[in-house]
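In our numbering, the protein residues as written are 65 to 392. Report on one structure; see the data block that follows.
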C-alpha cells in the first residue's frame, strides 16, 4: 500500500511538472499576465490563437510532404484499390488494363503491382523471371498481352514470404515506380494493396494520380471498407473516378438462374451516397476464375464473352471520366 501511494504521489509530481512546462511557453507567447486564472488563459489561447495555430500546422504539414513527381513517359496514373482483400481487386486491375487497350489499340497501357506482401500480377499475367537492366541501370518490365508489368514478385522467389518492415516496403515501392523503364505509356494502372495504409499514402503523396477506382462486392461488410477507401482518397485530394461492383450476380451454368449471393446493388447505393459513378458490374462467373488462375485474363482469352464485355464497359467508363476531368 505504501509503494502504491508513493508511486501515485510521484505520478502527480511529474504531471504537475509537465503541465507547468507546457503552460509556460503559452503564457510567454500570448503575453497574458500571470495573475489571471488558468481558465482565463485557456479560453484566451483557444479563441485568439486558433486560426494562427491551424495555419502553422498547415505550413508544417506542407513542408513535410514530398513533392509529387510524374513518372517519366507516363501520361496518366490510375490506381485500383479496395478497402479490404478478397473482393477481386487484382483481377479487376488486370482486366481493366487489358480493356483500356482493347477499346483503343492506339493506347499503350502498363501495369504496376504495388501489393508488396501479396503480389498477384505475375500469376494473373502469366509472367515469370527477373527484369533485365538497361544501360541506365533501370529495370525493364516483363511484357505479356502487350502490357508491360512490374511487380515485387519478379524480384523474389515465388513461395518466399515478404517479411519486411514499413521502411523496406516504402523503399521497394519507390524502386518499382522510379527505377523502371516504362517507356511511353498513356495509362499506368497500379494495383494497390488492400486497406488504407503506408503504401497508399506514399503513392498518393509522391505521384500525380489521375483518378482512383474502388472495387467492392455488394456485401455490407465490404462496402464499409470501400467507403473508408474512397474517403481516404478524397482526403489526399485524389479524384475518385467511381466504384466497380464485383461479383454482383451469379449465373447458374446449367439453368442460367441469377442469384445475388453477396446482395443486390450495394455498391450502386454506396456510389450514390458518395456522389460518384458506378463504373460497372462484374458478374461472379466461373470463366473469370478459370482464366485468372491460368494466367489468361478473360478480356484476351474470351474476348466475345459477356464477362469480357463487362470489363470493357468499365474501361470505357474510366476513360470517359478521365476525359470529363480534363475538360473541367
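Where a beta carbon is used, it is the ideal one built from N, C-alpha and C, also for glycine.
DSSP places residue 285 in the uninterrupted alpha helix (DSSP H) bounded by 284-299. Counting along the chain, residue 232 sits inside the alpha helix (DSSP H) bounded by residues 230-242.
Ranked by Cα distance from residue 216, the options 300, 176, 344 and 307 are led by 176. Look at the stretch 137-173 and you find these whole runs of beta strand (DSSP E), each 3 residues long or longer: 138-145. Closest option to residue 349, judged by alpha-carbon separation, among 157, 327, 145 and 374: 374. Shortest Cα-Cα distance from residue 298 to any of 269, 309, 284 and 314 involves 269. As far as DSSP is concerned, residue 352 takes part in no beta bridge. Residues 154 of the same chain have their beta carbon placed closer than 6 Å to that of residue 184, with the five preceding and five following residues left out of the count.
In the structure shown, residue 190 adopts coil according to DSSP, grouped into three states.
Judged by DSSP secondary structure, residue 274 falls outside any beta strand (DSSP E); it is assigned neither H nor E. Between residue 282 and residue 335, the gap from beta carbon to beta carbon reaches 9 Å or more.
Bridge partners of residue 325 according to DSSP: none are assigned.
A residue is called buried once 16 or more other Cβ atoms fall within 10 Å of its Cβ, and residue 251 is buried on that count.
If the five residues before and after residue 187 are omitted, its C-beta is found closer than 7 Å to the C-beta atoms of 359, all from its own chain and listed in chain order.
Here the C-alpha atom of residue 307 lies approximately 31 Å from the C-alpha atom of residue 243. Relative to residue 369, the option among 163, 198 and 285 whose CA is nearest is 163. For residue 253, the enclosing beta strand (DSSP E) covers residues 249-255.
In the structure shown, residue 330 falls within a helical segment according to DSSP collapsed to helix, strand and coil. Taking the CA atoms as reference points, residue 197 sits about 6 Å from residue 204. In this chain, residue 384 is not harboured by any beta strand (DSSP E); it is covered by the alpha helix (DSSP H) spanning 370-391. In the structure shown, the three-state DSSP call for residue 114 is helix.
When the Cα atoms are used, residue 194 and residue 174 turn out to be separated by approximately 17 Å.
Per the Cβ contact rule, the stretch 135-143 is in contact with the stretch 251-268 (3 or more Cβ pairs under 8 Å).
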